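Right, one structure below, let's go through it.
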Amino acid sequence: MKLKMNKIILFVAITFSCNNIFAQNEAKNIIRIGAGVNFSNHLDNYDKYIIGGIALETEYQRLLSKYIGININFAITKTHYGKNYDYVKMFSSVGTIFTPFPDKFRWIKLGVGLSLQKEEDYWGEEREMQISDHIFYGYDQYFRYSGYRWGIHFPVRFYIIDNSKYELFISSKIKTRFISGLEFDNVLLCLGFGAKF
Numbered sequence: 500m501k502l503k504m505n506k507i508i509l510f511v512a513i514t515f516s517c518n519n520i521f522a523q524n525e526a527k528n529i530i531r532i533g534a535g536v537n538f539s540n541h542l543d544n545y546d547k548y549i550i551g552g553i554a555l556e557t558e559y560q561r562l563l564s565k566y567i568g569i570n571i572n573f574a575i576t577k578t579h580y581g582k583n584y585d586y587v588k589m590f591s592s593v594g595t596i597f598t599p600f601p602d603k604f605r606w607i608k609l610g611v612g613l614s615l616q617k618e619e620d621y622w623g624e625e626r627e628m629q630i631s632d633h634i635f636y637g638y639d640q641y642f643r644y645s646g647y648r649w650g651i652h653f654p655v656r657f658y659i660i661d662n663s664k665y666e667l668f669i670s671s672k673i674k675t676r677f678i679s680g681l682e683f684d685n686v687l688l689c690l691g692f693g694a695k696f
């Protein structure tokens, strides 16, 4: 009886140790980078059109469980439109990423977060100055606007690779901003890569 009890205790101890080793090897941290395009439909003189520009982003995520993680994200977008127009936005945000069905279908992840964005709008206008009766001098005059806005973003990700060490995914992030209420701002569409540790 004593020998049988010792075998049971040894079996429980080995099982517990193996489970702890496996749990410690599970990655809880993820660093991601992504690059893609930015789409916006509210730029000056282009209200009826969607304009694309470059987008870069980086992110750190801490997994709390297989269902949810807390993440910090930084992104920058630049859009050149018209002849003398450039629109730059820098985002910093805190949010969550949900995996609704981690056991059966973990290839789609959804999220929500709060972001602070700094926007800078640069534009130029062609001017003409009369030097004499018959001589005119043409030049471009440039202007700059800078401001901060709060907003909410909604990321949706489709994963191509999601294993114990690496991720490869397509990310679509819908961003809003508070002006006179909550308004649609832009969409980032990126190809992203993540490393887990």
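Numbering-wise (the numbering used here), the sequence shown opens with residue 500 and increments by one. Positions of the beta carbon are idealized from the N, C-alpha and C atoms, including for glycine. Please read all numbers here as calculations on a predicted model, not as lab measurements.
Min CB distance N662 to chain C below 9 Å: Here there is only one protein chain, and chain C is not present.
N685 - containing beta strand (DSSP E), residue span: 681 to 695
Proximity of N686 and N528 at Cβ, strictly below 9 Å: Asn is not the amino acid found at residue 686; the sequence shown has Val there. No; because the gap between Cβ atoms is not below 9 Å, this pair is not in contact.
D585 versus I660, Y658, G551, R656, residue with shortest Cα-Cα distance: G551
Whole-angstrom distance between F668 and M589, CA atom to CA atom: 22 Å
Length of the line joining the Cα atoms of K565 and R626: 59 Å
For K582 and K695, the rounded distance between their alpha carbons: 43 Å
Cβ neighbour criterion (16 or more within 10 Å) applied to G693: buried
Alpha-carbon spacing of A526 relative to T598, whole angstroms: 15 Å
Residue(s) in a DSSP beta bridge with S645: E619
Contact the segment 625 to 645 vs the segment 676 to 683: 3+ CB pairs below 8 Å: no
In chain order, each beta strand (DSSP E) run of at least 3 residues that lies wholly inside the segment 549 to 620: 550 to 562, 567 to 580, 584 to 597
One or two residues paired with H652 in a DSSP bridge: G612, K674
Distance between M628 and V655 (C-alpha atoms, nearest Å): 52 Å
Residue(s) in a DSSP beta bridge with V666: It is Glu, not Val, that sits at residue 666 in the sequence shown. Note: E666 sits in a beta bridge opposite D661, G693.
Per-residue burial, I630 [other beta carbons within 10 Å of its own, 16 or more giving buried]: exposed
A534, enclosing beta strand (DSSP E) - first and last residue: 528 to 539
Other residues of its chain near L681: CB distance less than 6 Å, five sequence neighbours each side excluded: T675
E627 (DSSP reduced to helix, strand or coil): strand
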